[in-house]
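Chains as they are written, first to last, in the numbering used here: chain Z, 36 to 149; chain E, 44 to 155.
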């Protein structure tokens with residue numbers, strides 16, 4: 036069974052801390068994405084990557100960075116966490132090519148910044 | 044970035060009822076997708092639509108790609124308890140690697 040695994044289900048951090056959210060996929064997918072999910076706002080794209088060492092800004096990249104050193108792993112970094120970054124973070128991956136942009140999602144990391 | 048507006052934001056229905064929800068955009072999309080998120084999980088793709096006017100079913104679910112290409116609709120017939128969750132539409136302007144734009148979500152609750 037194909038899988039996207041997010042390292043933590045719940046995280047509690049303090050304002051100003053550096054936070055790492057890790058995501059690993061076992062499907063050999065080229066594309067990986069980070070979204071945040073907030074009630075009433077749906078899913079908003081933070082960053083994405085189409086290949087190792089590649090990264091592109093999504094719709095709300097401010098306050099975040101990413102790292103893709105290996106094909107299967109995509110990390111989201113909050114350089115200095117703030118309370119407005121309290122949210123559910125979802126990682127996703129997909130196979131490049133074709134017209135079928137099917138995303139496979141992880142179960143999410145609920146981050147609380149105090 | 045642009046967002047898709049979903050309606051209604053939440054629904055409370057009784058088991059056995061039919062459900063309708065829709066998604067609208069101010070701009071044209073060439074692909075429409077519908078996802079469902081079960082409580083505590085990530086979204087899972089339900090239906091993909093690629094052509095204006097297309098009507099596609101997946102069991103009790105039926106989705107339509109609006110003819111203006113600015114909207115899409117999802118219907119669920121004879122709802123059951125496992126239909127509970129959040130339903131998201133998503134649109135794609137281009138094809139292939141083009142990123143998706145997600146809707147604001149419709150939360151479905153079934154009243155016992």
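We treat Cβ as the ideally placed atom computed from N, Cα and C, and that holds for glycine.
Which residue's Cα is closest to the Cα of residue i: the options?
i: residue 131 of chain E; options: E:145, E:125, E:118; result: E:145
i: residue 124 of chain Z; options: Z:130, Z:110, Z:131, Z:137; result: Z:110
i: residue 107 of chain E; options: E:133, E:52, E:54; result: E:133
i: residue 63 of chain Z; options: Z:39, Z:73, Z:44; result: Z:39
i: residue 96 of chain E; options: E:64, E:73, E:54; result: E:73
i: residue 99 of chain Z; options: Z:105, Z:91, Z:81, Z:77; result: Z:81
i: residue 51 of chain E; options: Z:92, Z:77, Z:120; result: Z:77
i: residue 58 of chain Z; options: Z:106, Z:96, Z:131; result: Z:106
Hey, does residue i have any beta-carbon neighbour from chain E nearer than 9 angstroms?
i: residue 125 of chain Z; result: yes
i: residue 106 of chain Z; result: no
i: residue 134 of chain Z; result: Confidence is the limiting factor: at residue 134 of chain Z the pLDDT is only 49, short of 50, which leaves the residue's position unreliable and the question unanswerable from this model.
i: residue 141 of chain Z; result: yes
i: residue 54 of chain Z; result: no
i: residue 48 of chain Z; result: no
i: residue 51 of chain Z; result: no
i: residue 68 of chain Z; result: yes
i: residue 79 of chain Z; result: yes
Answer yes or no: do residue i and residue j have a C-beta to C-beta separation smaller than 9 angstroms?
i: residue 125 of chain E; j: residue 60 of chain E; result: no
i: residue 41 of chain Z; j: residue 142 of chain Z; result: yes
i: residue 56 of chain E; j: residue 151 of chain E; result: yes
i: residue 140 of chain Z; j: residue 86 of chain E; result: yes
i: residue 76 of chain E; j: residue 135 of chain E; result: yes
i: residue 71 of chain Z; j: residue 86 of chain Z; result: no
i: residue 61 of chain Z; j: residue 122 of chain Z; result: no
i: residue 144 of chain Z; j: residue 49 of chain Z; result: no
Can a CB atom of chain Z be found closer than 9 angstroms to the CB of residue i?
i: residue 145 of chain E; result: yes
i: residue 57 of chain E; result: no
i: residue 62 of chain E; result: no
i: residue 72 of chain E; result: no
i: residue 47 of chain E; result: yes
i: residue 97 of chain E; result: no
i: residue 104 of chain E; result: no
My understanding is that residue i touches residue j, with C-beta atoms under 8 angstroms, so please give their C-beta distance in whole angstroms.
i: residue 128 of chain E; j: residue 82 of chain E; result: 6 angstroms
i: residue 79 of chain Z; j: residue 94 of chain Z; result: 5 angstroms
i: residue 119 of chain E; j: residue 62 of chain E; result: 4 angstroms
i: residue 67 of chain Z; j: residue 128 of chain Z; result: 5 angstroms
Would you say residue i reaches chain B, if we count a Cβ-Cβ gap shorter than 9 angstroms as a contact?
i: residue 91 of chain E; result: Judged by its chain identifiers, the structure shown contains no chain B, and its protein chains are Z and E.
Cβ of residue i versus every heavy atom of the ligand ATP: is any distance shorter than 8 angstroms?
i: residue 102 of chain Z; result: Ligands are entirely absent from the displayed structure, and the ligand ATP is therefore not among its contents.
Item to check | Segment contact flag, the region 47-54 of chain Z with the region 114-121 of chain Z, C-beta cutoff 8 angstroms, min 3 pairs | outcome: Flag = yes, the region 47-54 of chain Z and the region 114-121 of chain Z touch.
Checklist entry - Between the region 56-72 of chain E and the region 110-120 of chain E, do three or more beta carbon pairs fall short of 8 angstroms? => result With the cut-off at 8 angstroms, the region 56-72 of chain E and the region 110-120 of chain E touch.
Next on the checklist: Counting beta carbon pairs with one atom in the region 92-105 of chain E and one in the region 45-59 of chain E, are three or more of them shorter than 8 angstroms?
Outcome noted: Of all C-beta pairs linking the region 45-59 of chain E to the region 92-105 of chain E, fewer than three are shorter than 8 angstroms, placing the two stretches out of contact.
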